[in-house]
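Each residue of the sequence shown is one higher than the one before, starting from 0 at the first, in numbering that gives the first Met the number 0.
So the structure is just underneath, and the comments pick up after that.
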Amino acid sequence: MVLEVALIDVLPGHEDAFAAAYAQGHPILAGTPGCRSVRMTRGIESPTRFVLLVEWDSIEAHDDNFRATERFTQWRALIGPHFANPPVVEHFLDVPA
0 MVLEVALIDV LPGHEDAFAA AYAQGHPILA GTPGCRSVRM TRGIESPTRF
50 VLLVEWDSIE AHDDNFRATE RFTQWRALIG PHFANPPVVE HFLDVPA
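Following this line, the structure appears as structure tokens:
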């Protein structure tokens, strides 16, 4: 399992519109083959900052099944207009205890 973490800063005043766009686009992302879970969080101290957490089977599932498809284009068309700047996206692996 790979965890995608995306730090998303939205334009001031767009917080509610961004959250609504995310709700509309959630099924597009969550229905992608290889996607295990999707969660969006919103900053308390920084309410224009959101963090998207997506569990993927692999980086290839993220890239090949989502980023390289029409799903990504649809997703980005919904949420992209609210971005203050491009999201910072990284992938992480669990550290064994």
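Think of the CB as a built atom: it goes at the ideal place given N, C-alpha and C, for glycine as much as any other residue.
Paired residues, beta bridge with residue i - DSSP
i   : result
L52 : V4 and R38
H90 : E3
F82 : V9
Cβ-based neighbour list, residue i, same chain, cut-off 6 Å, excluding 5 preceding and 5 following
i   : result
A5  : L51, P86 and V88
G42 : R48
Sub-9 Å separation of residue i and residue j beta-carbons
i   : j   : result
A60 : G24 : no
L10 : A76 : no
R70 : G30 : yes
R35 : D56 : yes
I58 : I7  : no
Residue i versus the options, residue with shortest Cα-Cα distance
i   : options               : result
V1  : R66, E54 and E69      : E54
L28 : H81, N64, G12 and H13 : N64
A19 : T68, E44 and W74      : W74
V37 : P95, E14, P26 and H13 : P26
Same chain, Cβ closer than 7 Å to residue i, neighbours up to 5 away in sequence not counted
i   : result
M39 : Y21, F49 and L51
A16 : H81
heavy atom of the ligand FAD below 8 Å from residue i C-beta
i   : result
A60 : The ligand FAD is not part of the structure shown, which contains no ligands of any sort.
Proximal residues to residue i (C-beta, below 8 Å), its chain only, five neighbours per side dropped
i   : result
D93 : M0 and L2
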